[in-house]
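Working notes, structure below.
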Amino acid sequence: MTVTALNALQPITADDATRQAAYKIQQNQALLAIAILTALTASETSAAPTLGEAGQAVGTLCAEAQFYAAVASELTAKAIAAAANLQDLGAEQTKLLLAASALKGTDKGLQYKALALYAKFRYETAAQTAASKLTRLTKAANSLSRYAGALTATETVTGTLTAPAAGTPAQTNGHKTHTTEFTVKAANQIACSNFKIDGKALDGANLELAKINQIKVSGTDLIKQAVSKATLTMTWHAANDAEISTAIATGTQAGGKITLGATSPAANDYILLALGTTKQQYSAPAPSNLGQETDNPRHCAQLSDDNDDTAIPDANYLHTTLCMAMATKETIPKIDTLSGKDLSADDNFLSIYAAVTGSSEAEADLSNAQAKQALEKRVKSSYKEENSAFKTAFFSNLDAMPIKYRDSGKAQDSTVGQLASDNKAFVAIGYFERPQTKATINSPEPDVKTDATEKKEQKKDGVNKTTTNTTGSNSFLINKVPLWLAFFLR
Numbered sequence: 001m002t003v004t005a006l007n008a009l010q011p012i013t014a015d016d017a018t019r020q021a022a023y024k025i026q027q028n029q030a031l032l033a034i035a036i037l038t039a040l041t042a043s044e045t046s047a048a049p050t051l052g053e054a055g056q057a058v059g060t061l062c063a064e065a066q067f068y069a070a071v072a073s074e075l076t077a078k079a080i081a082a083a084a085n086l087q088d089l090g091a092e093q094t095k096l097l098l099a100a101s102a103l104k105g106t107d108k109g110l111q112y113k114a115l116a117l118y119a120k121f122r123y124e125t126a127a128q129t130a131a132s133k134l135t136r137l138t139k140a141a142n143s144l145s146r147y148a149g150a151l152t153a154t155e156t157v158t159g160t161l162t163a164p165a166a167g168t169p170a171q172t173n174g175h176k177t178h179t180t181e182f183t184v185k186a187a188n189q190i191a192c193s194n195f196k197i198d199g200k201a202l203d204g205a206n207l208e209l210a211k212i213n214q215i216k217v218s219g220t221d222l223i224k225q226a227v228s229k230a231t232l233t234m235t236w237h238a239a240n241d242a243e244i245s246t247a248i249a250t251g252t253q254a255g256g257k258i259t260l261g262a263t264s265p266a267a268n269d270y271i272l273l274a275l276g277t278t279k280q281q282y283s284a285p286a287p288s289n290l291g292q293e294t295d296n297p298r299h300c301a302q303l304s305d306d307n308d309d310t311a312i313p314d315a316n317y318l319h320t321t322l323c324m325a326m327a328t329k330e331t332i333p334k335i336d337t338l339s340g341k342d343l344s345a346d347d348n349f350l351s352i353y354a355a356v357t358g359s360s361e362a363e364a365d366l367s368n369a370q371a372k373q374a375l376e377k378r379v380k381s382s383y384k385e386e387n388s389a390f391k392t393a394f395f396s397n398l399d400a401m402p403i404k405y406r407d408s409g410k411a412q413d414s415t416v417g418q419l420a421s422d423n424k425a426f427v428a429i430g431y432f433e434r435p436q437t438k439a440t441i442n443s444p445e446p447d448v449k450t451d452a453t454e455k456k457e458q459k460k461d462g463v464n465k466t467t468t469n470t471t472g473s474n475s476f477l478i479n480k481v482p483l484w485l486a487f488f489l490r
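Just so we're aligned, residue 1 is where the sequence shown starts under full-length UniProt numbering, counting upward by one.
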């Protein structure tokens, strides 16, 4: 589906009622888009610093690894949901466009038309930030997963080095030099194997992702130095295997220098070597701010080019990528979750509704409190104040709405839901928007009532009542307003 870029929209002037309404739509669209685009890096004020329940519980290496694996899973789920949300907005837009076209010429058709234009506006607004949002969420999820894996591997490696097995000494010619080969034992199991990458923190603690503005992260220091020291134990034995003296060589000795506290060795005396390692002790890291400021946790630092997407990310990279992911806004909900009350509170919809219904300049002037209140009242009346009533009136039977149209000259019977799912929606819309010539008079029409039909029925019932014409004179807007709006204001 083609998305019209905001900066590509043609400027229009507000020299009459409908132009004024359309001008306000474009102006509001630009302002909202700017707000959303800048919101990705905007700071947010938060109360007290918080790690969340799971973040607070980080106190062991495995708990830290599991915490970041869980956060990564949650961010991945958010990225998937964001992509699905964009698809849902697009599908909703298509269905509303179909209903508006099929009911063209009726008051209900105008109401659907306003919803369809509003749905398109929301879809394009979401599309503006979708790519950036998905990039930020997936980048953070990937970096946290790599970090969690590196921590786990570190714990496993140190476990294998703590109990080495001595090999058989090898003797060189002349009995002057001896070498000993040590074979490292494999660990009994992978460290931190008691948890799975299933999006859950240690012991089922609540992640509380939305609350997090601080984290505990060890960084790469522990990964770079998994072993704190290696101890070589040297035991001097007499020929009869009786121990003579013991010396320990540590890092405090000069390189290669070994000092034994015993008298000169006798013939056939020997030295037995044993190597042991001590792993670096884990110390729970202190909490650190996710953003650059305590009271603005979503004010994120900039990523360093030389640290971008490294195999094992450092603490700064983790802070920044997670901060940027957390700064992304929640997805835009579908219109069917709203109500007439919600619609009346959005100036964007008020402007669209005023343009679609042919409101005068005075009626469409949102800067006039009285006019705005009157417009809000009309919207609430048309779309119902409560979500349940709004959904029943416009969405409950939307998928099942019958659509009769022609495709390649052949009459087709379908529904809104079916057309939206088989990529035939815009064929049907094109049919309904065709010029009304003699060649199309006998074409099948949608199974809906027109204004003329309603008037006949009203007279038949003895009620001399007519439907007010709210279509206005909008055809001249085609070359002035954004193309997607002009198309539906005819």
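Glycine included, every Cβ here is placed at the ideal spot set by N, Cα and C.
Check, Outcome
"Is the Cβ-Cβ distance between Ala72 and Ala141 less than 7 Å?", "yes"
"Our contact map puts Ala54 next to Ala70 with C-beta atoms below 8 Å; I'd like the distance itself, whole angstroms only.", "7 Å"
"Buried or exposed, going by whether 16 or more other CB atoms sit within 10 Å of the CB of Lys279?", "buried"
"Which residues does DSSP list as the beta-bridge partners of Asn368?", "BP columns for Asn368 are empty, so no partner."
"Shortest alpha-carbon distance to Thr277 belongs to which of Asp295, Pro297, Leu303, Val227?", "Val227"
"How is the beta strand (DSSP E) around Lys410 delimited, first residue to last?", "410 to 415"
"So, helix, strand or coil for Tyr282, using DSSP?", "coil"
"So, is residue 498 buried or exposed, given that buried needs 16 or more other C-beta atoms within 10 angstroms?", "This structure leaves residue 498 out entirely; the chain is present only between 1 and 490."
"Can you tell which of Asp413, Asp407, Ile212, Phe390 has the C-alpha that lies nearest to the C-alpha of Met401?", "Asp413"
"Can the beta-carbon of Val356 be found closer than 7 Å to that of Lys95?", "no"
"For the alpha helix (DSSP H) holding Asp314, just list the boundary residues, first then last.", "No alpha helix (DSSP H) holds Asp314; DSSP gives it neither H nor E."
"Residues in the same chain with beta-carbon distance under 7 Å from Glu386, minus the five sequence neighbours each way, listed in chain order, please.", "Ser339"
"Using the Cβ count rule (16 or more neighbours within 10 Å means buried), how would you classify Asp336?", "buried"
"Identify the continuous alpha helix (DSSP H) that holds Ile403 and give its terminal residues.", "Unbroken run through Ile403 is the beta strand (DSSP E), 402 to 407; no alpha helix (DSSP H)."
"Pull up the CB-CB distance for Leu343 and Tyr317, whole angstroms please, since I reckon it's below 8 Å.", "Not quite, the Cβ-Cβ distance comes to about 43 Å (not below 8 Å), so this is no contact."
"Would you say the stretch 85 to 99 touches the stretch 318 to 336, given that touching needs at least three Cβ pairs under 8 Å?", "yes"
"Answer with buried or exposed for Thr154, where buried requires no fewer than 16 other C-beta atoms within 10 angstroms of its C-beta.", "buried"
"May I have the straight-line CA-CA distance separating Arg146 from Lys139, to the nearest angstrom?", "11 Å"
"With respect to the alpha helix (DSSP H) encompassing Thr392, which residues constitute its N-terminal and C-terminal limits?", "387 to 394"
"Confirm the yes/no value for this check: CB of Gly276, any heavy atom of the ligand PLP, distance under 6 Å.", "With respect to the ligand PLP, the structure offers nothing, as it holds no ligand at all."
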